[in-house]
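When we follow UniProt numbering, the leftmost residue of the sequence shown carries the number 1, and every step to the right adds one. Worksheet: the structure to be examined is printed underneath.
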Amino acid sequence: MALPLLEYKPSSQNQRVQSFGKSDQNEDTPYIYRLEDVNSPGEMKALVWAAYRQIFSEHETLRFNRQITLETRLANGSLTVRDFIRELVKSERFYTLVVSVNDNYRLVEICLKRLLGREPYNQDEKIAWSIKIGTLGFHGFVNALVDSDEYIQAFGDYTVPYQRKRMEARPFNLVTPRYGESYREVAGTTKTDWRFTIEKYYTRKYQEKQLAEGDPRKFRELAASLNPKVNYAQKISSFDIDYLSRVPNRGK
Numbered sequence: 001m002a003l004p005l006l007e008y009k010p011s012s013q014n015q016r017v018q019s020f021g022k023s024d025q026n027e028d029t030p031y032i033y034r035l036e037d038v039n040s041p042g043e044m045k046a047l048v049w050a051a052y053r054q055i056f057s058e059h060e061t062l063r064f065n066r067q068i069t070l071e072t073r074l075a076n077g078s079l080t081v082r083d084f085i086r087e088l089v090k091s092e093r094f095y096t097l098v099v100s101v102n103d104n105y106r107l108v109e110i111c112l113k114r115l116l117g118r119e120p121y122n123q124d125e126k127i128a129w130s131i132k133i134g135t136l137g138f139h140g141f142v143n144a145l146v147d148s149d150e151y152i153q154a155f156g157d158y159t160v161p162y163q164r165k166r167m168e169a170r171p172f173n174l175v176t177p178r179y180g181e182s183y184r185e186v187a188g189t190t191k192t193d194w195r196f197t198i199e200k201y202y203t204r205k206y207q208e209k210q211l212a213e214g215d216p217r218k219f220r221e222l223a224a225s226l227n228p229k230v231n232y233a234q235k236i237s238s239f240d241i242d243y244l245s246r247v248p249n250r251g252k
């Protein structure tokens, strides 16, 4: 018996606001590829390329990632766009490039971005879908996402998934690193320079940022920079005064 998906509270991300961005068209509005709009082989190729970009996160589709059999079935109408996306994610290439080099939490994050067109709401959602991976396996997890009400309502059977209602910068599905930090450390593709960590978190400037507003310790540097020139009263001890020199010559 499969475990039900744990409940979690969705945050108010852009795609959840129906009225937001509905009529505004700008440079961040994604181009939507639908099978109903395909009227030529060139348009079909553009749709297939959009699917590869979305799933494999590539600006330029690589030849060895292509699934020719799936493309043929999509072109002759024996496969819907939704099932084409499903099979791309289940392909050996996707497993090698993405699944095998990431932990479950990272995998959930990537798949939500590429299949549902949004970021995870919170850690609770990552945990809920990670349990699905643990109980159903990766293919079962993919089926649960692609057959979910959210996917069907957003993209249906004939639309390529896209980043929904993005607000700024580039699409996150094309700028997200393929490998998680833990794998990059092991593979040696990146190395954490702890000097930057120490400089960031242990410097006096960072520590002062953590102080509450109005804390006098935040103004130490400002106070030290002030150097007012004040003529203070001269301090003279009675021992420093030569009284005899001040007495008139009494012998004259």
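A virtual CB, placed ideally from N, CA and C, is assigned to each residue, including glycine.
- Secondary structure of Thr-203 (DSSP, three-state): coil.
- Taking C-beta atoms as the reference points, Arg-114 and Pro-161 count as a pair closer than 8 angstroms.
- Excluding five sequence positions before and after Val-146, the CB atoms of its chain that fall closer than 7 angstroms to its own CB belong to Arg-82, Ile-85, Arg-86 and Leu-115, given in chain order.
- Apart from the 5 residues on each side of it in sequence, Val-48 sits with its Cβ closer than 6 angstroms to the Cβ of Glu-71 in its chain, given in chain order.
- Non-local beta-carbon contacts of Asp-157 in its own chain, meaning distances under 6 angstroms to residues more than five positions away in sequence, involve Thr-80 and Arg-82 in chain order.
- When DSSP states are grouped into helix, strand and coil, Arg-34 belongs to the strand group.
- Straight through space, the alpha carbons of Gln-153 and Arg-63 are spaced by roughly 32 angstroms.
- Beta-bridge partners of Thr-159 (DSSP): Arg-34.
- Of all alpha-carbon atoms in Gln-207, Phe-219 and Ile-55, the one lying nearest the alpha-carbon of Leu-97 is that of Ile-55.
- By a beta-carbon distance limit of 8 angstroms, Asn-104 does not contact Ile-68. Their separation comes to about 31 angstroms.
- Inter-residue distance for Leu-112 and Arg-118 is about 6 angstroms (C-alpha atoms, whole angstroms).
- DSSP, reduced to helix, strand and coil, places Glu-87 within a helical segment of the structure shown.
- When only Cα atoms are considered, Ile-131 and Ser-57 end up about 25 angstroms apart.
- The beta carbon of Ser-91 is closer than 7 angstroms to those of Gln-67 in its chain, skipping five residues each way along the sequence.
- Secondary structure of Asp-124 (DSSP, three-state): helix.
- In the three-state reduction of the DSSP assignment, Asn-104 falls in the helix class.
- Contact between Leu-107 and Ala-51 fails: their C-beta atoms lie close to 19 angstroms from each other, not under 8 angstroms.
- Contact annotation: Trp-129 and Phe-141 have beta-carbon atoms nearer than 8 angstroms.
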